[in-house]
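Sequential numbering from 113 applies to the sequence shown in our numbering. Note that beta-carbon positions come from the ideal geometry of N, C-alpha and C, so glycine has one too. Being a predicted model, the structure only gives us computed values, none of them experimental. For reference, the structure is listed below as structure tokens.
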Amino acid sequence: MTAPAAPRPLRLGILGGTFDPPHQGHIALARLCVAQLALDELLWIPTGMSWQKAADITPARHRLAMTELAAATMQDVSARVRVSRMEVDRDGPSYTIDTVRELRRQVGPETSIAWLMGADQLLGLHSWHGWQELFSEVHLCVATRPGFDLHALRPEVQQELDRRIAPTALIQSTPSGHMWLDQTLAVDVSSTELRRRLAQGGPYGESADDLLPAGVAGYIQQHRLYRPVQHPTD
Ligand SMILES: Nc1ncnc2c1ncn2[C@@H]1O[C@H](COP(=O)(O)OP(=O)(O)OP(=O)(O)O)[C@@H](O)[C@H]1O
Ligand SMILES: O=C(O)c1ccc[n+]([C@@H]2O[C@H](COP(=O)([O-])O)[C@@H](O)[C@H]2O)c1
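In structure tokens:
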């Protein structure tokens, strides 16, 4: 008699971001990865301090609340979807390596952890704190994003991928060390563009609503975030 097959490891996907505000690009990336990688759980992790971004990002409590509203629009997916406040509650810059090490301690060595990102983040990966160490902790799952050409990958990142990453189309049974690249996502939206539209107000500001997950536009209005710049009339 053959032994029953071992159960496959739990697949946890992480979507980290400043989420200032969360938008349909984030939702599209999250949905794609849940479906293509057969994730069991998806964890959104808003940053506490995005050390590479301008100091005037929206306070973490608002970004966390908006992320919870965004995540709530994904109740129909097969994965359990949650939002973590671990980076918001941690002092100092939000380094991803600290986050994945903390998660690894929490979930144990068997769980497969996939760090999801858009192409822009892979292009900037060489600038992340302790970036080479990430490959020992997680799978890297990258989706294309309009305006960011992966042919422009930094040589040191390409070298590290060649050296450390097993070439595979899908996350297999190992807990870390694979790369998955989606080349189909093409959602041309960014938080920067949304903040710009919202600050203009009027019909231009309203055009941002379609690009925001349900509930987020209302939250922005209620808390008077990204307000139009007041121009003196004369
Ligand atoms: N349109 C998109 N397509 C694919 N990935 C995206 C898209 N927008 C954001 N992402 C990814 O989601 C994660 C979090 O993104 P982030 O919160 O920085 O949003 P952003 O739109 O890039 O913000 P900003 O314009 O302020 O830089 C990153 O990995 C980023 O690459
Ligand atoms: O660890 C780092 O040094 C690092 C540098 C830049 C970005 N990141 C992470 O990448 C994710 C997207 O970042 P951002 O700043 O584009 O919103 C978010 O989870 C950040 O914490 C991480």
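Asked	Found
Secondary structure of PRO158, DSSP reduced to three states	strand
CB contact flag (ARG216, ILE209, <8 Å)	no
Sub-8 Å separation of VAL299 and GLN148 beta-carbons	no
Inter-residue Cα distance where the pair is ALA281 and LEU293	At ALA281, the pLDDT of 47 sits below 50, so the modelled position is not reliable and the matter cannot be decided from this model.
Beta-carbon proximity check, THR256 vs ALA231, cutoff 8 Å	yes
8 Å Cβ shell around ASP152 - same chain, five flanking residues per side excluded	LEU122, ARG123, LEU124, ALA191, ARG192
Helix, strand or coil at GLU318 according to DSSP, with G and I counted as helix	helix
Rounded Cβ spacing between ALA200 and GLY160 (contact assumed at less than 8 Å)	Reading off the sequence shown, one finds Val at residue 200, where the question assumed Ala. Confirmed, about 5 Å.
Reference ARG266; option with closest CA among SER248, ALA184, SER288, TRP240	TRP240
Inter-residue spacing [alpha-carbon to alpha-carbon] between PRO205 and TRP163	6 Å
Straight-line Cα distance separating VAL189 from GLN334	28 Å
Straight-line gap, ALA329 to ALA115 (C-alpha atoms, nearest Å)	53 Å
Identity of the residue in TYR207, SER196, ILE139, ARG202 nearest THR187 by Cα	Reading off the sequence, residue 187 comes out as Gln, not Thr. The candidate whose alpha carbon is nearest that of GLN187 is ILE139.
Beta-bridge pairing of SER224 - partner residues as DSSP gives them	ARG123
Residues whose Cβ lies closer than 6 Å to any heavy atom of ligand 1, in chain order	GLY129, THR130, PHE131, ASP132, GLY137, HIS138, LEU141, MET229, GLY230, ASP232, GLN233, ALA255, ARG257, LEU297, VAL299, VAL301, SER302, SER303, THR304
Closest Cα partner of LEU228 within the set GLY236, TYR338, VAL254	VAL254
GLY242 to PRO315 span [Cα, whole Å]	44 Å
Under the three-state DSSP convention, the category HIS135 falls into	coil
Neighbourhood of VAL317 by C-beta distance below 7 Å, restricted to the same chain and skipping five residues each side	Per the sequence shown, the amino acid found at residue 317 is Gly instead of Val. Correct list, in chain order: ARG309, LEU310, PRO340.
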